[in-house]
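Residue numbers (the numbering used here): 25 to 224. Glycine residues also receive a C-beta, built at the ideal position from the N, C-alpha and C atoms. Reading through the structure tokens given below for one structure.
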């Protein structure tokens, strides 16, 4: 949490089918459980599944707008590596950490363009980032559970356990249970896997 403004701003990017909307709800509830004011905004792509999705989440004190201003993001959490590029507008060299799931899904928002590789993405992001971390979250959950959709919870759990988001793992787990009760057991396993195997 920034001491000067007591606010923390997150940009969550991904594509439909990865669960970015649900993940945004989990982060929002975790913030409430932590005792913060929280406001969110969602931007959906043209396609429900496979379309680009961006969720803005602001937590802390005196949160009057759900929109993150240019250069004011503290964390860009990208569930798909090319989608991380959409966080650059909100990012700044002095402030923003990028956490990127090194996983590629074609999104209609890129049209007929060839998707950039990880090295190219990092090169483009570097001027806007204080730090850049990449993690093979989809690979980890696919290997352990056979379900790539668990990558979101894996990344989020890892971010919280590493102190990248100013909330407790206990509150995160409560929010996961509240938002995905039927899939809680598997999501809890992904949560625990990240606790012990999240290397950045």
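{"Item": "Cα-Cα separation, residue 71 to residue 107", "Value": "Note that residue 71 has pLDDT 47, beneath the 50 cutoff, so the model's placement of it is unreliable and the number below is only indicative. Taking the straight line joining both Cα atoms gives about 15 Å."}
{"Item": "Alpha carbon of residue 123 to alpha carbon of residue 138, nearest angstrom", "Value": "22 Å"}
{"Item": "Status (buried if at least 16 other CB within 10 Å, exposed otherwise) for residue 47", "Value": "buried"}
{"Item": "Span of the beta strand (DSSP E), counted from its first residue to its last, around residue 102", "Value": "99–102"}
{"Item": "Identified DSSP bridge partners for residue 67", "Value": "78"}
{"Item": "C-beta atoms of residue 4 and residue 104 nearer than 8 Å", "Value": "Residue numbering for the chain in the displayed model covers 25 to 224; residue 4 lies beyond these limits and cannot be assessed."}
{"Item": "Top-ranked residue by Cα proximity to residue 168, from 200, 211 and 206", "Value": "211"}
{"Item": "Member of 172, 153, 81 and 95 whose CA lies at the smallest distance from the CA of residue 161", "Value": "172"}
{"Item": "Span separating the alpha-carbon of residue 206 from that of residue 197", "Value": "14 Å"}
{"Item": "Inter-stretch contact (C-beta, 8 Å, three-pair minimum) for the region 82–89 and the region 108–128", "Value": "no"}
{"Item": "Spatial distance of residue 98 from residue 87 (CA atoms)", "Value": "15 Å"}
{"Item": "Other residues of its chain near residue 45: CB distance less than 6 Å, five sequence neighbours each side excluded", "Value": "none"}
{"Item": "Residue 191 in three-state terms, based on DSSP", "Value": "coil"}
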